[in-house]
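Let me begin by presenting the structure, written as structure tokens, before commenting on it.
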Amino acid sequence: MDTNKGHANARVIAEVAIAAPVERVWEALRDPRQVRRWFGWDYEGIEAEIDEIFGERATADDDEHDLRFADGDRYRLRPLQGGTLVQVTRAALGDGPGPDGGYDEIDEGWLTFTQQLRFLLERHDGQDRRTLFLDGAARSPAAFPPADALGIGALASVLPGDLYRTATALGEELGGEVWFRSDNQLGVTVDGWGDALLILLAVPPGARSEHGGAQLVVTTYGLPGVAFLELRERWEAWWSQRYG
12 MDTNKGHANA
22 RVIAEVAIAA
32 PVERVWEALR
42 DPRQVRRWFG
52 WDYEGIEAEI
62 DEIFGERATA
72 DDDEHDLRFA
82 DGDRYRLRPL
92 QGGTLVQVTR
102 AALGDGPGPD
112 GGYDEIDEGW
122 LTFTQQLRFL
132 LERHDGQDRR
142 TLFLDGAARS
152 PAAFPPADAL
162 GIGALASVLP
172 GDLYRTATAL
182 GEELGGEVWF
192 RSDNQLGVTV
202 DGWGDALLIL
212 LAVPPGARSE
222 HGGAQLVVTT
232 YGLPGVAFLE
242 LRERWEAWWS
252 QRYG
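Be aware that the sequence shown starts at 12, since it is given in my numbering, and climbs by one per residue.
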């Protein structure tokens, strides 16, 4: 199989180093039960979506560790000292930045999911998850950027891999590690939620509304059911007042 066919004009939208062998990362991309532990978030149709995207409509080269999806999106794995380099590519854009100034929600989604894959393999391998997903347009300018609205804007100066501790606008103190940061996303681990991963996405003004928007994914492993329900209730209440 020619795994380079159609790749010359592809855009690299994410390169993530994962501290796990190539064979282990590949297994997490190919086994539907394991994909369920990192891809997307909990909702009623997630299993069917995984079967379609990663099974029925995907082409896999097990020798090259190359996974191509029906729309041309692609995962490529390469050995790296101490682990694996995961590269995600998509088809090249047309001329110009596009209607939303270059913002692309699918690009952002693949980055989120690949960081969730890394979190699973490095911190919670073999564990099932429970997620909280919140999304919406900012109701006012005060709700954007969402990190500032949440009271964690100062984390922009904390380097990935460094520890942090901060109070949020909910009156809740968070602490853990800054997991990653990109132009539109911030990911942090949260010790107090059983070593969870919180990813906050800022959707630029114009992509959804004049004030912009936000998306939040919290991935938990082993957090007791009552604690998770309390977490969801707190954050949904705060979110609904600012995004809709």
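Every residue gets a Cβ at the ideal spot worked out from N, C-alpha and C, and that includes glycine.
DSSP places I24 within a strand segment (E or B) once states are collapsed to three. Around the beta carbon of A59, fewer than 16 other beta carbons sit within 10 angstroms, so the residue counts as exposed.
The C-alpha of S193 lies about 17 Å from the C-alpha of P216. In the three-state reduction of the DSSP assignment, Q126 falls in the helix class, which pools H, G and I. Residue nearest to Q226 within the set D136, G120 and A207 is G120 (criterion: CA-CA distance).
Within 10 angstroms of the beta-carbon of E34 lie fewer than 16 other beta-carbons, which makes it exposed.
Of all alpha-carbon atoms in T125, G187 and G93, the one lying nearest the alpha-carbon of D206 is that of G187. Here A153 has A160 as same chain residues with Cβ atoms under 7 Å from its own Cβ, once five neighbours each way along the sequence are excluded.
With fewer than 16 neighbouring CB atoms inside 10 Å of its own CB, R22 falls in the exposed class. Straight across, the Cα-Cα distance linking L240 with A39 is about 28 Å.
Annotation: V169 to D73 spans about 38 Å, alpha carbon to alpha carbon.
Using a Cβ distance threshold of 8 Å, P43 and I61 count as a contacting pair. Between the beta-carbon of R140 and that of T231 there is about 6 Å, and that keeps the pair under the 8 Å contact cut. Assignment of D53 by DSSP, reduced to helix, strand and coil, places it in the coil class. Looking at the DSSP output, Q196 shares a beta bridge with L212.
Q196 places its beta carbon less than 8 Å from that of L122. C-alpha of Q126 to C-alpha of F191: approximately 8 Å in a straight line. According to the DSSP assignment, Q45 belongs to the alpha helix (DSSP H) that extends over P43 to V46.
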